[in-house]
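Asks: Its first residue numbered 359, the sequence shown is counted upward by one per residue in the working numbering. Beta carbons are placed, not taken as given, at the ideal position from N, Cα and C, and that holds for glycine. First, the structure itself, so that you have it in front of you.
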Amino acid sequence: MVRAVFLHIPKTAGTSLRETLCRGLGEDAVSPAFGASEMTEAEADALRRYSVVFGHISVTDARRFFPDAMLLTAVRDPVERCLSWYRFVRSVGVPPYPDVMAALSHDIDDFFSLDVETVFRNIYNRQVRQLGDHVLNTGVDMQDAFERAKATLDECVWIGRQEAMQEDLARLADILPQMAGVNLSRLNVTAGDHASRPIPDELRRKIARYNAFDEALYADVVRRCGG
359 MVRAVFLHIP KTAGTSLRET LCRGLGEDAV SPAFGASEMT EAEADALRRY SVVFGHISVT
419 DARRFFPDAM LLTAVRDPVE RCLSWYRFVR SVGVPPYPDV MAALSHDIDD FFSLDVETVF
479 RNIYNRQVRQ LGDHVLNTGV DMQDAFERAK ATLDECVWIG RQEAMQEDLA RLADILPQMA
539 GVNLSRLNVT AGDHASRPIP DELRRKIARY NAFDEALYAD VVRRCGG
């Protein structure tokens, strides 16, 4: 029976968090990670054997198929998240979505100058779209999605911040006692994520222009967490 759904937003330490949950709850308790899709009933049925569903699931699917489950998620500074995603794609390559193919064929300055349609899936306000709508809905009303994303945060029993994950993980034991004393695993860390060089102001502005709603949502999370 599904007790919890973890809404895994790309490049928010989700791979490490899943491994950490497996160590605390047991491998059989946590679903394999999965990508963003319009979930089918058959796919949902296959996940119901797990206590924790963990993947790039949108809140609309989570609430449709697992209405009684607790919600958990983690967020990240939007500019840092987008940079990490770009570096990740450039280092390993992933499925041939338009934004992935564009990242592989454009340098960083050119990539973050592309139109919204090209970078929509993983760059454009991805956190708000996943928490407030369905991430594959290209006709999303962003203001409505933003309000619903804040409502999703209200529902979440735990919200982690990638930048303070070890600190936030300590709070998870209040919800899942088995997690007491379990330290964060370090997996799938993108090369360059912890580089000391600052992000050039112009590049930061380029990325931020795709993420006005994500910036506002992240600021809301920081306030909630007292940071």
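I'd like to confirm the pairing. Which residues does DSSP put opposite Met428 in its beta bridges?
Replies: In DSSP, Met428 forms a bridge with Ala362.
Asks: Closer than 6 angstroms by C-beta to Gly518: which residues in its own chain qualify, once you throw out the five before and the five after it? Chain order, please.
Replies: Cβ neighbours of Gly518 beyond the five flanking positions: Ala432 and Asp526.
Asks: Where does Asp419 land, buried or exposed, given buried means 16+ other C-beta within 10 angstroms?
Replies: By the 10 Å Cβ count, Asp419 comes out buried.
Asks: Please return the same chain residues whose Cβ sits closer than 8 angstroms to the Cβ of Glu396, not counting the five positions on each side in sequence.
Replies: Excluding positions up to five away in sequence, the list reads Asp419, His492 and Leu494.
Asks: State yes or no: is the C-beta of Cys382 within less than 8 angstroms of the C-beta of Leu542?
Replies: In the sequence on display, residue 382 carries Gly and not Cys. Contact: no.
Asks: Ignoring anything shorter than 4 residues, give me the alpha helix (DSSP H) runs that lie fully in the segment 480-538, in order along the chain.
Replies: Listed in chain order, the complete alpha helix (DSSP H) runs (minimum 4 residues) inside the segment 480-538 are 484-490, 500-513 and 523-530.
Asks: With C-beta atoms as the reference, is Gln488 less than 8 angstroms away from Val417?
Replies: Yes, Cβ-Cβ distance for Gln488 and Val417 is below 8 angstroms.
Asks: Out of Arg361, Trp516 and Gly490, point me to the one whose CA is closest to Pro425's CA.
Replies: The candidate whose alpha carbon is nearest that of Pro425 is Arg361.
Asks: Compute the distance between the beta-carbons of Leu429 and Thr510, then report whether it is under 8 angstroms.
Replies: Yes. Within cutoff.
Asks: What separation, rounded to the nearest whole angstrom, lies between the Cα atoms of Ala354 and Gln536?
Replies: Since the first residue shown for the chain is 359 and the last is 585, residue 354 is missing from the structure and cannot be characterised.
Asks: Do you know offhand how far Arg582's Cα is from Pro456's?
Replies: Answer to the nearest angstrom: the Cα atoms are 35 angstroms apart.
Asks: What are the start and end residues of the beta strand (DSSP E) that includes Ser412?
Replies: Strictly speaking, residue 412 in this sequence is Phe, with Ser absent from that position. That run of the beta strand (DSSP E) goes Val410 to Gly413.
Asks: Is the beta carbon of Phe446 sitting closer than 8 angstroms to the one on Lys369?
Replies: Contact flag set, yes.
Asks: My guess is that Met500 and Val486 are in contact by the Cβ rule of under 8 angstroms, so how many angstroms apart are they, rounded?
Replies: Indeed, because the Cβ distance is near 7 angstroms, the residues count as touching under 8 angstroms.
Asks: Buried or exposed: Leu375, going by 16 or more other Cβ atoms within 10 Å of its Cβ?
Replies: Looking at its Cβ environment, which holds 16 or more other Cβ atoms inside 10 Å, Leu375 is buried.
Asks: Can you tell me whether Met523 is buried or exposed? The criterion is at least 16 other CB atoms within 10 Å of its CB, across all chains shown.
Replies: Met523 comes out buried.
Asks: What do you get for Ser554, buried or exposed, if any count of 16 or more other CB atoms within 10 angstroms of its CB means buried?
Replies: Per-residue confidence for Ser554 stands at a pLDDT of 48, beneath the threshold of 50, marking its modelled position as unreliable; no derived number is given.
Asks: Tell me where the alpha helix (DSSP H) around Leu462 begins and ends.
Replies: Looking at the DSSP string, the run of the alpha helix (DSSP H) that includes Leu462 is Pro456 to Ser463.
Asks: Throw me the rounded Cβ distance for the Ala427 and Gly413 pair, which I believe falls under 8 angstroms.
Replies: With 8 angstroms as the limit, Ala427 and Gly413 do not qualify as a contact, their Cβ atoms being about 13 angstroms apart.
Asks: Alpha carbon to alpha carbon, how far is Glu521 from Asp435?
Replies: Taking the straight line joining both Cα atoms gives about 8 angstroms.
Asks: Could you tell me how far apart the beta carbons of Asn480 and Trp443 are, in whole angstroms, since I believe they sit closer than 8 angstroms?
Replies: Between Trp443 and Asn480 the Cβ distance is about 5 angstroms, and since that is below 8 angstroms, they are a contact.
Asks: Go through its chain and collect everything with a Cβ distance to His552's Cβ below 6 angstroms, but skip five positions before and after it.
Replies: Only weak support is given to the placement of His552: the predicted model assigns it a pLDDT of 49, under 50, and the value that follows is read from those uncertain coordinates. Hits under 6 angstroms: none found.
Asks: Identify which residue in Gly584, Ser389 and Arg506 has its Cα closest to the Cα of Asp403.
Replies: Checked all of Gly584, Ser389 and Arg506; the closest Cα to Asp403 is Ser389.
Asks: Go through its chain and collect everything with a Cβ distance to Ala531's Cβ below 7 angstroms, but skip five positions before and after it.
Replies: Closer than 7 angstroms at Cβ, skipping near neighbours: Met537 and Ala538.
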